[in-house]
Amino acid sequence: AKLPNFLLNGTMGIAVGMATNIPPHNLGELCDGIRYLVDHPQSSVEELMQFIKAPDFPTGGIIFDREEIKRAYATGKGGIVMRAKAGIAEKEGGYFRIIVQELPYQVNKASLLEKIASLVKEKRIDGIKDLRDESSKGEIRIIIDLKKDAYPKKVLNQLFKLTQLQDVFHINILAIIGGIQPQVLTLKMALEYYIEHRKLVIKRRTEFELRRTKERVHILKGFKIALTYLDEIIKTIKRSRDREVAKVNLIKKFCLTEVQAQAILEMRLHQLANLERLKILDELKEKQRIIKKLEKILDSPKEILKIIKEELEESKNKFADVRRTQIISSPVDKFTPEDLVPDEPTIITITRDGYIKRLLPEAFRTQIRGGKGVIGLAPKEGDVVEHFFTTTTHSNLLFFSTSGKVFQLKAYDVPVASRTAKGQAIQNFLQISSQEKISAVLSFTELKDFEHLVMVTKKGLIKKVAIRDFENVRRSGLIAIKLREGDELRWAKASGGKDEIILIT
């Protein structure tokens, strides 16, 4: 084939103990890359990628990470992250919507819509009010209307993480070489095999054309003899009792070959009589010119390579179109909880018995003078709220226990609960024993303007440490202060380092 279909259309197949998964590519880029390789046989994958930048999927979309693409081309194996083209648009009334216009390659639209609807029903994705398909023939348009209190970026990130709006194409350029041996090919190897294939095709094609042209020249030379002795040839044919005798007579009398004699006999007498000398001579001259050209091609590998390049350029001009898949050179961002949880104000409460919960600020409304208040907690008998503070969901919280250890936890790791809910035991989140209590909780949000922490124990031991010492606290906790037997940590506060501290017994 003139076109490099192996990489152009891509393919996917599974056999016993092996599989191939080759992505499609842009025709114009492939033609440019192959022509460059013809001129520069020692070129590297990186040089070829100046022309063949990445796979080009017919469905468009976005692909990420040039380095991973380069690795896949250099080894024949790799994974390319594909993402739908989706944007956030604002509607009237302060509402937002997500509009999906292109899908990743081989993603089924109906299955995708079903998956999104299922996630909304299972409450694994919040904030989606309506989902509809407005696609028309040849055009994708999926509309996802959001609730007024939804965070559009958060919802979009959840969709990328939980659905096929973001997917991975696993490249495995496996091919059967020589009809026998399966082999994983690099980009350069695949192009080299294509070039070798084209060399063989052009050589065989040229040999066939040369053979046919020489056969035609041979016949034309017979016609030329016939024109010279036209009357005698016609008389010889008429006097012969049958075709075979006529053929033998023509061969003997006019020194024709069997092929030439047969060609003359296959012409009717009026055609033979009407043979035009100039037309025969012009065709003979043209065929002899073609023979020289074909022989030159067969004698020169450079001529064959030149034809490969010319035919690639012709294919490019005739069939190539613009790239559909957008390339982003950097790796796709890995989703962290921060990508899926909006950074917003929140309230944390901890009771004396060690029950923790997180509340939305809306749970407490402003009251006018004389208001009766609202129930903020319904703890079990004898329990009271000991820690109550505001922070943000992305903040790191430092929990100091009475044993002198410090633990770190993200605010969003504490589940949201209702105002009257008891909450969950702190042991579900921190590795502390049931005998330990939380003596202090500090948020890095409020610590950013300070440099030190001051800690005071039950027996009067005081210690000042740098806040930076607590920036990376392991999950099992860290000893913040060493205590004597019978002592416990009672108090921890931020300090600028030069503050005056008043301790009251």
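Numbering of the sequence shown is given in this note's numbering, commencing with residue -1 and proceeding in unit increments.
Where is the CB? At the ideal position from N, CA and C, for every residue including glycine.
- Task: Could you tell me which residues DSSP puts in a beta bridge with residue 11?
- Result: Position 13 of the sequence shown, counted from the start, is the residue given in the question as residue 11. Answer by DSSP bridge pairing, in chain order: 18.
- Nearest to residue 431 (by Cα), restricted to the options 464, 351, 170 and 119: The residue you call residue 431 lines up with position 433 of the sequence shown. Put simply, of 464, 351, 170 and 119 the residue whose alpha carbon is nearest the alpha carbon of residue 431 is 351.
- Pair every Cβ in the stretch 126 to 136 with every Cβ in the stretch 38 to 57, then say whether three or more of these pairs are closer than 8 Å. Taking 8 Å as the limit for Cβ pairs, the verdict is that the stretch 38 to 57 does not touch the stretch 126 to 136.
- Item | Best match in 325, 462 and 148 for proximity to residue 339 [C-alpha to C-alpha] | Sequence index remark: in the sequence shown, residue 339 carries index 341 (1-based). When each option's Cα is compared against that of residue 339, the closest is 148.
- Query: residue 286: which of 57, 215 and 87 sits nearest, CA to CA?
  - Reply: On the sequence shown, residue 286 is found 288 positions in, with the first residue counted as 1. The closest CA to that of residue 286, considering only 57, 215 and 87, is found on 215.
- Query: Terminal residues of the continuous beta strand (DSSP E) containing residue 157?
  - Reply: Start at 1 with the first residue of the sequence shown, and residue 157 comes out as number 159. Per DSSP, residue 157 lies in no beta strand (DSSP E); the unbroken alpha helix (DSSP H) holding it starts and ends at 150 to 160.
- Rounded separation between residue 410 and residue 357 - CA only: Mapped onto the sequence shown, residue 410 falls at position 412. Mapped onto the sequence shown, residue 357 falls at position 359. Cα to Cα, residue 410 sits roughly 11 Å from residue 357.
- Task: Below 6 Å CB to CB, which residues in the same chain sit around residue 33 once its five sequence neighbours on both sides are set aside?
- Result: For the purposes of this step, residue 33 is taken as residue 35 along the sequence shown, with counting starting at 1. So the list reads 307 and 310, once near-sequence residues are dropped.
- Message: Can you confirm whether the stretch 231 to 240 touches the stretch 194 to 213 when touching is taken to mean that 3 or more C-beta pairs between the two stretches lie within less than 8 Å?
- Response: Judged by pairs of C-beta atoms under 8 Å, the stretch 194 to 213 does not touch the stretch 231 to 240, as fewer than three such pairs exist.
- For residue 385, the first and last residue of its enclosing beta strand (DSSP E): Here the question's residue 385 lines up with position 387 in the sequence shown. Here the beta strand (DSSP E) through residue 385 covers 383 to 390.
- Examine the Cβ distances between the stretch 474 to 483 and the stretch 439 to 449 and report whether three or more of them are shorter than 8 Å. Three or more beta-carbon pairs separated by less than 8 Å are not found between the stretch 474 to 483 and the stretch 439 to 449, which leaves the two stretches without contact.
- Would you kindly work out how many angstroms separate the C-alpha atoms of residue 64 and residue 328, rounded to a whole number? Taking the sequence shown and counting its residues from 1, the one referred to as residue 64 is at position 66. Taking the sequence shown and counting its residues from 1, the one referred to as residue 328 is at position 330. So the two alpha carbons sit approximately 7 Å from each other.
- Candidates 188, 284, 280 and 221: closest to residue 253 by CA position: Indexing the sequence shown from 1 puts residue 253 at position 255. Among 188, 284, 280 and 221, the Cα nearest to that of residue 253 belongs to 221.
- Query: Tell me which same chain residues have a C-beta within less than 8 Å of the C-beta of residue 439, skipping the five on either side of it?
  - Reply: On the sequence shown, residue 439 is found 441 positions in, with the first residue counted as 1. If we look at residue 439 and ignore the five residues flanking it on each side, its Cβ neighbours are 346, 348, 385, 387, 395, 396, 397 and 398.
- Message: Less than 8 Å separating the Cβ of residue 359 from some heavy atom of the ligand HEM?
- Response: With respect to small molecules bound, the structure shown includes none, and the ligand HEM cannot be examined in it.
- Quick one: grab the DSSP three-state call for residue 399. Residue numbering aside, residue 399 sits at position 401 when the sequence shown is read from its first letter. Residue 399 falls in the strand class under three-state DSSP.
- Item | Among 422, 478 and 421, nearest to residue 402 - alpha-carbon criterion | For the purposes of this step, residue 402 is identified with residue 404 of the sequence shown, where counting begins at 1. Ranking 422, 478 and 421 by Cα distance to residue 402 puts 478 first.
- Hey, how far is the Cα of residue 99 from the Cα of residue 200? Start at 1 with the first residue of the sequence shown, and residue 99 comes out as number 101. Start at 1 with the first residue of the sequence shown, and residue 200 comes out as number 202. When rounded, the distance between both Cα atoms is 43 Å.
- Message: How far does the alpha helix (DSSP H) with residue 63 in it extend, from its first residue to its last?
- Response: Residue 63 sits at position 65 when you count from the first residue of the sequence shown. Under the DSSP assignment, residue 63 falls outside any alpha helix (DSSP H); it carries neither an H nor an E label.
- Item | Residues that DSSP places opposite residue 141 in a beta bridge | Position 143 of the sequence shown holds residue 141. Residue 141 is bridged to 97 and 130.
- Message: Using only CA atoms, which one of 244, 322 and 14 lies nearest to residue 103?
- Response: Counting from 1 along the sequence shown, the entry for residue 103 is found at position 105. Residue 322 is the option with its Cα nearest to residue 103.
- Inter-residue Cα distance where the pair is residue 381 and residue 353: Residue mapping note: residue 381 aligns to position 383 of the sequence shown, counting from 1. Residue mapping note: residue 353 aligns to position 355 of the sequence shown, counting from 1. So the alpha carbons of these two residues sit roughly 9 Å apart.
- Task: Give the DSSP-derived three-state secondary structure of residue 493 in the structure shown.
- Result: Position 495 of the sequence shown holds residue 493. In the three-state scheme derived from DSSP, where H, G and I count as helix and E and B as strand, residue 493 is classed as strand.
- Message: Here's a check: name, in chain order, each residue in its chain whose Cβ is nearer than 7 Å to the Cβ of residue 22, leaving out the five neighbours to either side.
- Response: Counting from 1 along the sequence shown, the entry for residue 22 is found at position 24. Sequence-distant partners of residue 22 (beyond 5 residues in either direction) whose C-beta falls short of 7 Å from its own C-beta, in its chain, are 6, 7, 8, 53, 54, 55 and 56.
- Message: Taking the alpha helix (DSSP H) that residue 26 belongs to, which residues open and close that run?
- Response: By 1-based counting over the sequence shown, the position of residue 26 is 28. Looking at the DSSP string, the run of the alpha helix (DSSP H) that includes residue 26 is 25 to 37.
- Query: To the nearest angstrom, how far is it from the Cα of residue 186 to the Cα of residue 202?
  - Reply: In the sequence shown, the residue the question calls residue 186 occupies position 188. In the sequence shown, the residue the question calls residue 202 occupies position 204. Near 24 Å, if we compare the C-alpha coordinates of residue 202 and residue 186.
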